[in-house]
Each structure stands twice: as C-alpha cells, then as structure tokens.
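Residue numbering for the sequence shown follows the numbering used here, beginning at 16 and increasing consecutively. Report on the structure given below.
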Amino acid sequence: MKILVVNDDGIESRGIFELVRALHEDAGAEVYVVAPDGQRSAASHAITLLTPIDAWPVEFEGAEMAFAISGLPADCVAVGVKIMRDKGIDIDMVFAGINHGSNIGTDTIYSGTVGAAMEGSIYGYPSVAVSVDSHKPQHFKYACELAVDTIKKTGGRWDPRVTVNINTPDLPAEEIKGVRYTVIGEREYTNDIRHDGIRHDERRGDVCSYIYGGEPVKYDDESLIYDVIAIQEGYASITPLHKDWTAGFAIEEMKNWRLGK
C-alpha cells in the first residue's frame, strides 16, 4: 500500500508525524509526504493559480520520500501526485492530517485538511481526513488507530467519490466512548468575530481590526447524529463526504421561479 500524506498545519506539525508513524509502523504502508512549508489552516479547497509552486526534498522519519511545498493543502495533493508519477510511483490512497483542531459541522467547509482529502477524491483516490479536537492536541493514539483501521478493514478499497472525515476528542484512547457514524451538523461559536482595536495608518487613516475567536456552542440533544454532538459527548465521529454540493431538494422549487426564457 502506497499512501500520500498531506496536511494544512505544515510539514513540521506533530500531527503529520504521528500519522506517518502509524501508517508506516502499524499499517505497514509505504508513505510519501508532501506538505506545506508552514501553517495553511482554513485554506479550504483553494489552489494556487498563476504563481509557481516550489517543492523541495526534506528528511522525514517513516517516509520513503518527503517534500515541503510553498503552496496550499490541495496543492500538496496535485503536486504530490505529479511528483510521484514522474518517479514511477503509483499511490493507492491519500491521507490528510492529523489536523490540530476538529473539522466538524460547518467548519468542514473552511478546512484545509478536508479540502486536501477532497482533492484526493477528485483525483480518484480513496481519501481520508483525520483531525483531533484541540488546537494543541496531546492525544493522537485513537485518531491513528482509526486511520490504520480504514486500511486494515477495507483494504483501502471504497468508492473514491466518498471522502472519509475522521474526528476524535483530545482524550486518551481508553477514555473515548467509541465511534459514531455521523452527518455534518451546525458549528456555532459565541462571539465568533470580535473587534480587535483601532490603529492609525498614514495612507488609510483609522483602521479597525477584527479577529475570529469565540467558544463552540454546546448542544443539548444527544440523540442527533451530528458530528458536533458526537465529539461533544466524547465519541469519535466518522462522516462520509462528497464533492457534489447540489441542493437536490431545491430544484423543483427553482423551476417555479421561471428564470430566463
């Protein structure tokens, strides 16, 4: 099994080292790494156009080969596939992560980790995004176990149109209650964007600054199968994602608008 591993936290992130170690040692895979040279969180599925993407080899324990690139998470897949093909290497799967911070609910839309995994799906590879629910995670073991399980229990063979989104609480493996198979829920924050002061700029005058922040809203109904509730209640969440964003339920209503001729 040949696996391309990418991320959005950068090639020096602890999460990607933990994932590569697990895939190499526990799944017995040949691992190839292509990751950004620095932090690229919340890049979603953006790609780099018009500007060249630089790539250079780096040492990476557990990887057969590794490259840092100047681009975005989705670029890591496109560039990584190109590099590997040029070297005669046909990869079998794409893994993105392990991300520092969960990618659940509507945050999934912004996620560079999920965007990179979706790019793997677009390229026709079974792809997996893996995240831990803390921006300073301490516990990667269960996330690694679930990542390895996707290989051992499926052989890495499923419809590549489906991207697997794995999220775990930042808890010791023995304290995680189990796995829930979930759908995307809402991800709401208290005071999610706040005023961060005013500074004077000679060219622009008084400039107001704003910053994202806030705390996730807690939900009451444990019976719902939303990913946000699974994580909140101490379960790992596994959600199948698809690149087709069509709101099929709205097509008939839109026909009644009678737009155009």
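Note that beta-carbon positions come from the ideal geometry of N, C-alpha and C, so glycine has one too. Predicted model, so just to flag it, every value in this text is computed and none were measured.
Item checked: Proximity below 9 Å, CB of residue 111 to CB of residue 129 -> yes
Notebook entry, point to check: What is the DSSP secondary structure of residue 161, reduced to helix, strand or coil?
Noted result: helix
Note to self: Please tell me whether residue 177 and residue 253 are closer than 9 Å, where the distance is taken between their beta carbons.
What the structure shows: no
Check: What's the gap between the Cα of residue 83 and the Cα of residue 73?
Finding: 7 Å
Margin query: Considering only DSSP beta bridges, list what residue 241 is partnered with.
Written below: 198
Check: Skipping 5 residues on each side, what residues in its chain have a beta carbon closer than 6 Å to that of residue 42?
Finding: 163 and 166
Checklist line | Residues of its chain near residue 86, where Cβ-Cβ distance is below 6 Å and the 5 sequence neighbours each way are ignored | finding: 63 and 68
Note to self: Give me the DSSP bridge partner(s) of residue 214.
What the structure shows: 222
Note to self: Are the CB atoms of residue 202 and residue 116 within a distance shorter than 9 Å?
What the structure shows: no
Item checked: Length of the line joining the Cα atoms of residue 198 and residue 240 -> 6 Å
Next item on the list: Could you tell me the distance, in whole angstroms, from the CA atom of residue 70 to the CA atom of residue 235?
Entry: 47 Å
Item checked: Per DSSP, cross-strand counterpart(s) of residue 18 -> 46 and 108
Note to self: In this structure, how does DSSP classify residue 169 when only helix, strand and coil are distinguished?
What the structure shows: coil
Next item on the list: Take every Cβ of the segment 216–226, pair it with every Cβ of the segment 259–271, and state whether three or more of those distances are shorter than 8 Å.
Entry: no
Margin query: I'd like the span of the alpha helix (DSSP H) that includes residue 64, first residue to last.
Written below: It is not in any alpha helix (DSSP H) - residue 64 carries neither H nor E in the DSSP assignment.
Notebook entry, point to check: Do the CB positions of residue 127 and residue 88 come within less than 9 Å of each other?
Noted result: yes
Note to self: Quick check: what's the CA-CA separation for residue 106 versus residue 255?
What the structure shows: 21 Å
Check: Does the Cβ-Cβ distance between residue 145 and residue 181 come in under 9 Å?
Finding: yes
Margin query: Given a cut-off of 9 Å on the beta-carbon distance, is the pair residue 170 and residue 21 in contact?
Written below: no
Checklist line | Bridge partner(s) assigned by DSSP for residue 186 | finding: For residue 186, which the question treats as bridged, DSSP gives no partner whatsoever.
Check: From residue 98 to residue 212, what does the alpha carbon distance come to, in whole angstroms?
Finding: 45 Å
Notebook entry, point to check: Name the DSSP bridge partner or partners of residue 256?
Noted result: 178
Next item on the list: Find out if the Cβ-Cβ distance for the pair residue 90, residue 56 is shorter than 9 Å.
Entry: no
Notebook entry, point to check: How is residue 51 classed by DSSP in three states: helix, strand or coil?
Noted result: strand
Note to self: Can you check which of these residues, 25, 272, 96 and 66, is closest to residue 17 by C-alpha distance?
What the structure shows: 96
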